[in-house]
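Enquirer:
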Amino acid sequence: MTTTNRRSGDRVRWWTYALLALAVFACVFPLYWMFVVATTDTAAATELPPEIVPGGNFFHLAELVFTTVPFVQSIVNSLVVAATIGAGQAVLCALAGFAFAKLRFRGRNVLLLVVVLTMTVPTELAIVPRYMIISWLEWTDTLQALIVPGLANAFGIFWMRQHISSAISDEILQAARIDGATVWQIFWRVVFPLVRPAAFVLGLLGFVTAWNDFLWPFVVLKSPEMYTVQIAIKALQNSFAIDLGLAMSGSFLATLPLIVLFVFVGRRMVAGIMDGAFKG
Amino acid sequence: MTTISPARATITPPPAPAAPRRRLTDILAPYAYIAPFFAIFAVFGLIPLLFTFYVALFDWNPIGDHVFIGWDNFTRLFGDVRFWNAVRNTISIWFLSNVPQLAFALLLAHLLNHVRLRFAVFFRMSMLVPYITSVAATAIVFSQIFDRDYGLLNWLIGLFGFEHIDFVQSVWGSHVLIAVMVTWRWTGYTTLLYLASLQAVPRGIYEAAAVDGAGTWRQFLHITIPSLRPVIVFTIVTSTIYGLQIFTEPLLVSRTTLNTCGAVRQCQTLTLFLYEQGFGQFEFGYASAIGVALFLMVVVFAGINFYLSTRIRPGRP
Numbered sequence: 001m002t003t004t005n006r007r008s009g010d011r012v013r014w015w016t017y018a019l020l021a022l023a024v025f026a027c028v029f030p031l032y033w034m035f036v037v038a039t040t041d042t043a044a045a046t047e048l049p050p051e052i053v054p055g056g057n058f059f060h061l062a063e064l065v066f067t068t069v070p071f072v073q074s075i076v077n078s079l080v081v082a083a084t085i086g087a088g089q090a091v092l093c094a095l096a097g098f099a100f101a102k103l104r105f106r107g108r109n110v111l112l113l114v115v116v117l118t119m120t121v122p123t124e125l126a127i128v129p130r131y132m133i134i135s136w137l138e139w140t141d142t143l144q145a146l147i148v149p150g151l152a153n154a155f156g157i158f159w160m161r162q163h164i165s166s167a168i169s170d171e172i173l174q175a176a177r178i179d180g181a182t183v184w185q186i187f188w189r190v191v192f193p194l195v196r197p198a199a200f201v202l203g204l205l206g207f208v209t210a211w212n213d214f215l216w217p218f219v220v221l222k223s224p225e226m227y228t229v230q231i232a233i234k235a236l237q238n239s240f241a242i243d244l245g246l247a248m249s250g251s252f253l254a255t256l257p258l259i260v261l262f263v264f265v266g267r268r269m270v271a272g273i274m275d276g277a278f279k280g
Numbered sequence: 001m002t003t004i005s006p007a008r009a010t011i012t013p014p015p016a017p018a019a020p021r022r023r024l025t026d027i028l029a030p031y032a033y034i035a036p037f038f039a040i041f042a043v044f045g046l047i048p049l050l051f052t053f054y055v056a057l058f059d060w061n062p063i064g065d066h067v068f069i070g071w072d073n074f075t076r077l078f079g080d081v082r083f084w085n086a087v088r089n090t091i092s093i094w095f096l097s098n099v100p101q102l103a104f105a106l107l108l109a110h111l112l113n114h115v116r117l118r119f120a121v122f123f124r125m126s127m128l129v130p131y132i133t134s135v136a137a138t139a140i141v142f143s144q145i146f147d148r149d150y151g152l153l154n155w156l157i158g159l160f161g162f163e164h165i166d167f168v169q170s171v172w173g174s175h176v177l178i179a180v181m182v183t184w185r186w187t188g189y190t191t192l193l194y195l196a197s198l199q200a201v202p203r204g205i206y207e208a209a210a211v212d213g214a215g216t217w218r219q220f221l222h223i224t225i226p227s228l229r230p231v232i233v234f235t236i237v238t239s240t241i242y243g244l245q246i247f248t249e250p251l252l253v254s255r256t257t258l259n260t261c262g263a264v265r266q267c268q269t270l271t272l273f274l275y276e277q278g279f280g281q282f283e284f285g286y287a288s289a290i291g292v293a294l295f296l297m298v299v300v301f302a303g304i305n306f307y308l309s310t311r312i313r314p315g316r317p
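One line per chain: the protein sequences are F and V, in this order.
Quick note: the first sequence uses full-length UniProt numbering, first residue 1, plus one each step.
Quick note: the second sequence uses full-length UniProt numbering, first residue 1, plus one each step.
1. On the three-pair Cβ rule with 8 Å, is the stretch 175 to 189 of chain V touching the stretch 103 to 120 of chain V?
2. Out of Glu63/F, Tyr17/F, Arg196/F, Leu22/F, point me to the one whose CA is closest to residue 323/F's CA.
3. Quick check on Val270/F: buried or exposed, where buried means 16 or more other Cβ atoms within 10 Å of its Cβ?
4. Report yes or no: is there a C-beta of chain F within less than 7 Å of the C-beta of Arg124/V?
5. Run down chain C in chain order and give the residues with a C-beta less than 7 Å from the C-beta of Phe273/V.
6. Since Ile147/F and Thr209/F should fall inside the 8 Å C-beta cutoff, what is the C-beta to C-beta distance between them, to a whole number of angstroms?
7. For Thr190/V, I'd like the list of residues in its chain whose CB is within less than 7 Å of its CB, leaving aside the five on either flank, ordered along the chain.
8. I'd like the list of long-range same chain contacts for Ala287/V, defined as Cβ closer than 6 Å, with 5 residues on each side in sequence excluded.
9. On the criterion of 16 or more Cβ atoms from any shown chain inside 10 Å, does Ala167/F qualify as buried, or is it exposed?
10. What residues in its chain sit with their C-beta under 6 Å from that of Gly97/F, if we drop five residues either side in the sequence?
11. Alpha carbon to alpha carbon, what distance is there between Phe29/F and Ala199/F?
12. Rounded to whole angstroms, what is the Cα-Cα separation between Asp59/V and Phe282/V?
13. Identify the continuous beta strand (DSSP E) that holds Val168/V and give its terminal residues.
14. Please name the residues in the stretch 161 to 185 of chain V whose beta-carbon is closer than 8 Å to at least one beta-carbon of chain F, in chain order.
15. How would you call Ala176/F, buried or exposed, if buried means at least 16 neighbouring beta carbons within 10 angstroms?
16. Assuming contact is defined by CB atoms lying nearer than 7 Å, are Leu19/F and Leu92/F in contact in what I supplied?
17. Can you name the residues of chain V whose CB is closer than 8 Å to the CB of Glu138/F?
18. Could you tell me the distance, in whole angstroms, from the CA atom of Ala171/F to the CA atom of Ala94/F?
19. Going by other Cβ atoms of all chains shown within 10 Å of its Cβ, with 16 needed for buried, is Gly88/F buried or exposed?
20. Give the straight-line distance between the Cα atoms of Val260/F and Phe252/F, rounded to the nearest whole angstrom.
21. For Asp212/V, return the contacting residues in chain F, with the cut-off set at a CB-CB distance below 8 Å.
22. Checking contacts by CB at 7 Å: is Gln230/F closer than that to chain V?
23. If you follow the alpha helix (DSSP H) that Phe105/F is in, where does it begin and where does it stop?
24. Which runs of the beta strand (DSSP E) at least 3 residues long sit entirely within the stretch 63 to 136 of chain V? Give them in chain order.
25. Quick one: measure Cβ to Cβ for Val292/V and Thr52/V, integer angstroms, because I've assumed they're closer than 8 Å.
26. Quick one: which chain F residues come within Cβ less than 7 Å of Gly262/V?
27. Per DSSP, which one or two residues make a beta bridge with Asp59/V?
28. Check whether the Cβ atoms of Val220/F and Ala145/F lie closer than 7 Å to each other.
29. At what residue ranges does the stretch 147 to 201 of chain F contain a whole run of the alpha helix (DSSP H), taking only runs of 4 or more?
30. Using a Cβ-Cβ distance cut-off of 7 Å, determine whether Pro122/F contacts chain V.
31. Thinking C-beta only, is Ala154/F closer than 7 Å to Val195/F?
32. Among Ile34/V, Asp80/V, Pro130/V, whose alpha-carbon lies nearest the alpha-carbon of Ala23/F?
33. Pairing CB atoms from the stretch 194 to 203 of chain V with CB atoms from the stretch 111 to 123 of chain V, are three or more of them under 8 Å?
34. Taking the alpha-carbon of Leu215/F as reference, which of Phe220/V, Asp212/V, Gln245/V has the nearest alpha-carbon?
35. Which residues in the same chain as Ala235/F place their Cβ atom closer than 6 Å to its Cβ, once the five residues preceding and following it in sequence are excluded?
36. Would you call the stretch 199 to 219 of chain V and the stretch 55 to 70 of chain V in contact, with 3 or more CB pairs under 8 Å?
What follows is the structure, encoded as structure tokens:
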């Protein structure tokens, strides 16, 4: 990302900023609006003209959220699922990426091609047999039914392979080998520490995706104490079909952890997404 | 280390000079490292997909009998108006959400690619806010904004003296609403992919164009879009694969009627129809037939998109 590679020559016109500001407004406004409705009382949420500044009712509604559904439990469940998937993806994809980037073995190119091709396989539509496998394993209504399928993904392997290929020289691996390190030691002591930033971003993306996943938890989870926050929001929406304030408070509370996370690591996430993009 | 042990790992180049005594564990190590992915993909991706084709040939009740009925599920499916309705809805929503997303992302990436742009980090981070917001939360807030009676949008429309629009209950309205949610969520992410790709374009090209008197619009048409073609093809194909499987947004848009997305199934997509048949009616066989139909649709659509987007302009993609 050197500045020399970016566009220059022409001045930035005022309307560039105007259009970008409009885009920022469009991106951020729905979240602001969610907060507004989450803080006004229910009557105000159904009033014209609508309230456009936050009210003082947030804690009342938040309390209602926590008493209507086991919300604390769902946040814990979501944290467990998302953190395990994030960490699992970071390690497993780095491991596989290392194998594809630096180790020589029979069938390597074919297997890598298979990994890339799996990215184009639509798996959501096979939800019925996947559910049948989960029930056969007796995993319905458990968190491992959410965690295990999400632990490794093709995109992550491909991504870590690219990073390991470019970030790690063969000389350093050669040196480690001459020192008598096993393949596992080379990965764990040499390779992984060097690509930890890339693995961290991959883990973050896995965390966000898992936190926000809906369809699969919706199919697998039955009892309220196993709910993830997304399913808890759905339950809030069901039990109070008309009470928008409550559903909005739940939505806001479910998004809050990610906003906090984003404030701290958003820069790295942006850099990571751009870094993983296609560059010809 | 004082002793130099024989080569243990098989590290690619330079070609391992005759490794005489490779340990078995080191030979097997690469396979062990890639095994978790293949195991997980097989059990939760590939086997279910293949099994879908099998179950589709049965009258399959999860707690009852499995009766082989051949193509009956498919004959029934093709005569089912609900199926064709779902096909229409899916294609309509996919189209309405992908075209604007592509257009906005191209434009925003072009604007963000200025070398002298101030607050660049702020702009980029803001673009990613929708991506971290969950679909469930998005669906609820947009349903409120588009609500017929008390929605923000209808209030604005009303200020200009127009009638309130019942987005949720009408066919086109619910499709627009869902498309807005999808566009909102993915445009920023796509923008960043495009921007990354644009930054690999040498700045000299833009400079030369500016010297030749090409304005930003001409630069956009003649430099930005052609240089982005590989990543555009990639995003079109992936958003087709995901877009045709859309589920959460339509499920949450209509608040009362759960699996049908409205009284007249106005926004029931194929995945939602599949869910209704599978987990609402417990007709696993019929639901699997819908899965097979959806699979074929995804393959055909992704193929057509790939073909078109690589062929529209001559030259190297």
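Glycine residues also receive a C-beta, built at the ideal position from the N, C-alpha and C atoms.
Expert: Considering the structure as presented:
1. Contact between the stretch 175 to 189 of chain V and the stretch 103 to 120 of chain V is present, because at least three Cβ pairs lie under 8 Å.
2. What is shown of chain F runs 1 to 280, which leaves residue 323/F out entirely.
3. buried
4. Chain F contact via Cβ: present.
5. This model lacks chain C altogether, as its protein chains are F and V.
6. At roughly 13 Å, the Cβ-Cβ gap does not stay under 8 Å, so Ile147/F and Thr209/F are not in contact.
7. Gln101, Ala105, Thr235
8. Taking C-beta separations shorter than 6 Å and ignoring five residues to either side along the sequence, the partners of Ala287/V in its chain run Leu274, Gln277, Gly278, following chain order.
9. Classification for Ala167/F: exposed.
10. Ile157, Met160, Arg161, Ile164
11. CA-CA distance, Ala199/F to Phe29/F, rounds to 32 Å.
12. Approximately 10 Å, taken between the alpha carbons.
13. Run containing Val168/V: none; DSSP gives neither H nor E here.
14. Trp184
15. buried
16. Going by C-beta atoms, Leu19/F is not nearer than 7 Å to Leu92/F.
17. Proximity of chain V to Glu138/F at the Cβ level (cut-off 8 Å) is not reached, the minimal Cβ distance being about 14 Å.
18. In the sequence as presented, Ala is not what sits at residue 171/F; that position holds Glu. If you take the alpha carbons of Glu171/F and Ala94/F, they lie about 19 Å apart.
19. Residue environment analysis places Gly88/F among the buried positions, since at least 16 neighbouring C-beta atoms fall within 10 angstroms of its C-beta.
20. 12 Å
21. Neighbours of Asp212/V on chain F: none; closest Cβ ~11 Å, over 8 Å.
22. yes
23. Phe105/F -> no alpha helix (DSSP H), and no H or E assigned at all.
24. 66 to 68
25. 6 Å
26. Here the premise fails: no neighbours, minimum Cβ distance about 14 Å.
27. In the DSSP secondary-structure assignment, Asp59/V is bridged to Val67/V.
28. yes
29. 154 to 167, 170 to 178
30. yes
31. no
32. Pro130/V
33. yes
34. Ranking the options by Cα distance to Leu215/F, first place goes to Gln245/V.
35. Cβ contact annotation for Ala235/F (same chain, cutoff 6 Å, sequence separation greater than five): Val69, in chain order.
36. no
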